[in-house]
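J.:
Protein chains: 2
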Amino acid sequence: MSILSRLSFKDQAFKLRESAILDATTAVLSTKGFDLMTMDDIAGAVGISKPSLYKHFKSKEDLVGEALIRLIDGAVDYLAQLDNTLSPIGKLSALLEWALRVRLEGGMPFLPSTSPHVRDMLMRNMSYVLRVMKLNGQIEKLVAAAQKTGDLNPDLPSDVILFSYYSRTCDPAAEFLQKFSKMPHDDIVAHMLKVAFNGLKT
Amino acid sequence: MSILSRLSFKDQAFKLRESAILDATTAVLSTKGFDLMTMDDIAGAVGISKPSLYKHFKSKEDLVGEALIRLIDGAVDYLAQLDNTLSPIGKLSALLEWALRVRLEGGMPFLPSTSPHVRDMLMRNMSYVLRVMKLNGQIEKLVAAAQKTGDLNPDLPSDVILFSYYSRTCDPAAEFLQKFSKMPHDDIVAHMLKVAFNGLKT
DNA sequence: AAATTCCGATACTAATTAGTAGATTTTATT
DNA sequence: AATAAAATCTACTAATTAGTATCGGAATTT
């Protein structure tokens, strides 16, 4: 066996474990939040020891940053793979639906917005900030286009729409409906979309 | 000076400090969140020592519980003081506006929803749970009434409306608009209300 | 099969913080 | 003014957890 293929095999195993670590981090983040998530939690969930964990990620901040970067990348990929004949509002709706489903399946922690500590930490993470800006740029364009066609209210300032849209991806109402109303995921998603775009009145 | 008036004077001072402690707790909770808020923070902000703080509240959980109870009571009081000729939807709108203003002035931490740890802690606090249920009962009635008149969408399940309404009180979009758009409070409140009731489309 | 290399785990350090015990000062009464 | 009582503060304990140094063991090469 050549050195190259041996290295690549090891590399493969390494990447696999890295992915498992990120999965565990995402799951623990969704349930416990950043401050209560311990590195022992993660190591334990993956079945490795803490020093091994530190072979992959140099700190807790780094680990969480990478987990969130993977989420952002997921959103960017989802957006890129959408049918290009879809209208801007159709894309925005599809992306929000995707985000809600990921959340309901326990795969998405609350956004940094909810904790100033976490937000500050992430803002110091250049690589994370760059990706967020990339995704944000794409969504801004979709919002502007949808306002032009009148599919989104043109009278609202675009940042009001943008920020409200982001907020819907981490709207706690989804969790409430899951926990207290035991509503099926599909219904929760449908209702959340309706409320987000049409409000509580219409 | 009689013993009675002396006791009442002391009592008064005690209550005053207690109120200052709760103010500080609310402020620190809004900025740092529960996990990062330390008892030394609070003691330092009020200008007393930690043991004195523990004379008022027997634990961190207790302190935070009392601070949130005071907030709920504020909401109940606000609701009670509203003009009774106001329609159900008018009351719901006024209460949401009140909550948003309190938040923007730094007086309201994110709701327990955002942290399972904090939520669990509060659910063990009987006195808190009772008040939440009281407020919740009132809001449920308003929602039902507003659905009956058609002011709120009668086709949505009432818990979808209820939970979405709660979520708007801690919608991070308000913070974003304050932080990134430097929008005046009045404008933020107006836009948030519009988006909550009419959605992003209309 | 012996030697070497590399990986992972046990067991530690340092720092933080909730909660408390005992010293100290302030306040009120005689 | 002296004494009694109460409240407050300084300085501690115990527990948690991020991050690391060092040791033991498995796989690979010769």
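Those protein sequences? They're chains D and U, same order as listed.
Residue 206 is where the first sequence ends in the numbering used here, and the numbering goes up by one at each step.
Residue 206 is where the second sequence ends in the numbering used here, and the numbering goes up by one at each step.
Note that CB positions come from ideal geometry on N, CA and C, so glycine has one too.
What you are looking at is a predicted structure, and each value in this text was computed from that prediction instead of being measured.
For P92 of chain D, name the three-state secondary structure that DSSP assigns.
T.: helix
J.: Using the Cβ count rule (16 or more neighbours within 10 Å means buried), how would you classify Q85 of chain D?
T.: Burial call: exposed.
J.: Would DSSP call F61 of chain D helix, strand or coil?
T.: coil
J.: Which chain U residues are close to N140 of chain D, counting only those with a beta carbon under 7 Å from its beta carbon?
T.: The premise fails here: N140 of chain D is roughly 11 Å from chain U at the closest Cβ pair, so nothing lies under 7 Å.
J.: From this set, D:K36, D:G51, D:V147 and D:M41, which residue's C-alpha is nearest R21 of chain D's C-alpha?
T.: D:G51
J.: Contact defined as beta carbons within less than 8 Å: I believe P92 of chain D pairs with D163 of chain D. What is the distance between those atoms, to the nearest angstrom?
T.: That belief does not hold up - the Cβ atoms of P92 of chain D and D163 of chain D are roughly 17 Å apart, past 8 Å.
J.: Let's see if you can read the secondary structure: which residues bound the alpha helix (DSSP H) around R135 of chain U?
T.: Element bounds for R135 of chain U: M130 to T153.
J.: Which value, in whole angstroms, describes the spacing of the CA atoms of K198 of chain U and K62 of chain D?
T.: 45 Å
J.: Hey, does L40 of chain D have any beta-carbon neighbour from chain U nearer than 8 Å?
T.: yes
J.: Does D155 of chain D get closer than 8 Å to chain U when you measure Cβ to Cβ?
T.: Yes, D155 of chain D lies at the interface with chain U (some Cβ there is under 8 Å from its Cβ).
J.: Is it buried or exposed, V133 of chain U, if we count other Cβ atoms within 10 angstroms and call 16 or more buried?
T.: exposed
J.: Could you tell me whether the Cβ of S97 of chain U comes closer than 8 Å to any Cβ of chain D?
T.: For S97 of chain U, the nearest beta carbon of chain D is not closer than 8 Å to its own beta carbon.
J.: Excluding sequence positions up to five away, which residues of its chain have a Cβ less than 6 Å from the Cβ of Y82 of chain U?
T.: Same-chain partners within the cutoff: W102.
J.: Who are the neighbours of P79 of chain D on chain U, taking C-beta pairs under 9 Å?
T.: Sequence check: residue 79 of chain D is Ala here, not Pro. In chain order: nothing, as chain U lies at least about 17 Å away.
J.: Note down, in chain order, each residue of its chain lying with its Cβ closer than 7 Å to the Cβ of L108 of chain D, except the 5 sequence neighbours on either side.
T.: A178, Q182, H189 and I192
J.: According to DSSP, is P120 of chain U helix, strand or coil?
T.: helix
J.: Could you tell me which chain U residues have their CB closer than 7 Å to the CB of F61 of chain D, listed as they occur along the chain?
T.: Neighbours of F61 of chain D on chain U: none; closest Cβ ~21 Å, over 7 Å.
J.: Is R10 of chain U helix, strand or coil by DSSP?
T.: Interpretation of R10 of chain U is limited by its pLDDT of 43, a score under 50 that renders its predicted location unreliable; the figure taken from the coordinates is listed afterwards. The answer is helix: DSSP assigns R10 of chain U an H, G or I state.
J.: With a threshold of 8 Å on Cβ separation, who are the neighbours of S97 of chain U within its own chain once the five nearest residues in sequence on each side are excluded?
T.: L197 and F201
J.: According to DSSP, is L166 of chain U part of a helix, a strand, or is it coil?
T.: helix
J.: Can the beta-carbon of K54 of chain U be found less than 8 Å from the beta-carbon of D44 of chain U?
T.: yes
J.: Only counting the same chain, and skipping five residues up and downstream in sequence, which positions put a Cβ closer than 6 Å to that of E65 of chain U?
T.: M125
J.: To the nearest angstrom, report how far apart K145 of chain U and K138 of chain U are at their CA atoms.
T.: 11 Å
J.: Could you give the distance in angstroms between the alpha-carbon of A150 of chain U and the alpha-carbon of Y169 of chain U?
T.: 13 Å
J.: CB-CB under 8 Å to I46 of chain D, same chain, minus the five flanking residues each way: which ones, in chain order?
T.: I25, A28, T29, V32, L57 and L67
J.: Ends of the alpha helix (DSSP H) at M112 of chain D?
T.: No alpha helix (DSSP H) contains M112 of chain D, which DSSP labels as neither H nor E.
J.: Exposed or buried, what is S23 of chain U when buried is set at 16 or more other beta-carbons lying within 10 Å of its beta-carbon?
T.: exposed
J.: Compute the Euclidean distance between the alpha carbons of R74 of chain D and D39 of chain D, then round it to the nearest angstrom.
T.: 20 Å
J.: Could you give the DSSP three-state label for M5 of chain D: helix, strand or coil?
T.: Low per-residue confidence applies at M5 of chain D: pLDDT is 42, beneath 50, and the placement is therefore not dependable enough to give any value.
J.: Distance, Cα to Cα, N140 of chain D vs K205 of chain U?
T.: 20 Å
J.: Roughly how far, in whole angstroms, is the beta-carbon of V147 of chain U from the beta-carbon of L166 of chain U, given that I think they are within contact range, below 8 Å?
T.: 6 Å
J.: Below 8 Å on the Cβ atoms is my contact criterion, and I expect S171 of chain U with D175 of chain D to pass it. Report the Cβ-Cβ distance as a whole number of Å.
T.: 5 Å
J.: Could you check where the alpha helix (DSSP H) with G48 of chain D kicks off and where it finishes?
T.: Residue range M43 to V50 is occupied by the alpha helix (DSSP H) that includes G48 of chain D.
J.: Does the beta-carbon of L130 of chain D have 16 or more other beta-carbons within 10 angstroms, so that it is buried, or is it exposed?
T.: Note on identity: in this sequence residue 130 of chain D is Met, with Leu being the wrong assignment. M130 of chain D comes out exposed.
J.: For G94 of chain D versus G203 of chain U, is the C-beta distance shorter than 8 Å?
T.: no
J.: Under a three-way DSSP split, which group does M187 of chain U fall into?
T.: coil
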